[in-house]
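Here this note's numbering is used: the first residue of the sequence shown is 54, the next is one more, and so on.
We put the CB at the ideal spot given by N, CA and C, even for glycine.
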Amino acid sequence: MLSFMRKEPVSIADSSQLVLTHAGETIVVTLRRLRSARRYTLRVRFAARDAVLTMPQRGSIRDARAFAERYAAWIAARLKRLPEIIPFDDGAVAPLRGLDHLLINVPNARGVVWSEPLREAAAQGPAHALYVTGAREHMPRRVRDFLKREAQRDLEASVARHTRRLGLPARTIGLRDPVSRWGSCSATGSLNFSWRLIMAPPFVLDYLAAHEVAHLVHLNHSPRFWALAHELSEDVDRAEAWLSSHGAQLHKYGAAR
Ligand SMILES: [Zn+2]
């Protein structure tokens, strides 16, 4: 059911955002001016958990605001339907290399973070545990740091294997947390990946490494690029399918960025 929008003033938080109030809740709408846009369009972004309003280059903020207000109920409903964020906290379940792990805080144990099979796994629950030492309030950061280290290691190994196969020099890689892409290859040949790939099954991470390494040869998505990607990875289609059906879910883990 659509609830009635309150007539509260709409303010502009900064030049690129609108703040609406709908049924007592605050909705932030990011404005994006696009030269190619002919009209106003709205979409809700899963990973960023916000709404984006695309508008023509010369469109007015007033029109954008009127448009966003008209669809405030729609935006609010969409945002509510987004899967909830699962923080890296004691008792939470998060995937590592495609396997669900129960996060367990062991404050006084030695070491930092490690994964092992869960000794008393329930039939339905995760079969693995990620033990995290130290104070509980440091868990989110420790888990995230651990996942980044593991991502770095796996991606470096995959990238090294694929570059070797093509006779290319070794590459260093960077980790990011982008909302809309899993990897990138710049014109200068620097490779960047989302650290969240460490949560996906290994064939997905390895495919992304192969994909970006193939871009070192073809900086486009031409048929020759895809032929090379298929040469490097047997899992191109399977991994692309996995990403399109499960990829967005990887953004729900950890605190909001
Ligand atoms: Zn690509």
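Is residue j closer than 7 Å to residue i when the C-beta atoms are compared?
i, j, result
"GLU265", "CYS238", "yes"
"ALA253", "SER286", "no"
"VAL289", "ALA282", "yes"
"GLY242", "LEU261", "no"
"THR186", "VAL146", "no"
"ILE128", "ILE80", "yes"
"SER211", "ASP259", "yes"
"PHE278", "ALA267", "yes"
"VAL82", "ALA104", "yes"
"ILE226", "LEU244", "yes"
"LYS305", "PRO170", "no"
"ALA301", "PHE99", "yes"
"ALA121", "HIS75", "no"
"LEU132", "VAL97", "yes"
"SER69", "LEU87", "no"
Buried or exposed for residue i, please, with buried defined as at least 16 other CB atoms from any protein chain shown within 10 angstroms of its CB.
i, result
"TRP235", "buried"
"PHE57", "Legend: pLDDT at PHE57 = 38, less than 50; position of this residue unreliable, no value from coordinates given."
"ILE114", "exposed"
"ARG123", "exposed"
"TRP167", "exposed"
"ARG323", "No answer is possible for residue 323: it lies beyond the span of the chain, which begins at 54 and ends at 310."
"PRO148", "buried"
"ALA311", "In the structure displayed, the chain extends from 54 to 310; residue 311 sits before or after that span and is not available."
"GLY164", "exposed"
"SER233", "exposed"
"ARG249", "buried"
"GLY144", "exposed"
"LEU156", "buried"
"LEU272", "exposed"
"PRO62", "Caution is warranted here: a pLDDT of 39 is assigned to PRO62, below 50, making its placement in the model unreliable, and the coordinate value is therefore given only provisionally. Flag for PRO62 reads exposed."
"MET54", "For MET54, the predicted model reports a pLDDT of 32, less than 50, meaning its position is unreliable and no value from the coordinates is stated."
With 7 Å as the threshold, decide whether the Cβ of residue i is near any Cβ in chain C.
i, result
"ALA117", "The question asks about chain C, but that chain is absent: this structure has only one protein chain."
Hey, which residues come within less than 6 Å of ligand 1, measuring from Cβ to any heavy atom, in chain order?
-> HIS264, HIS268 and HIS274
So does the region 85-93 actually touch the region 104-116, counting three or more Cβ pairs closer than 8 Å?
-> yes
Cβ contact check for the region 183-192 and the region 214-221: 3 or more pairs under 8 Å = no
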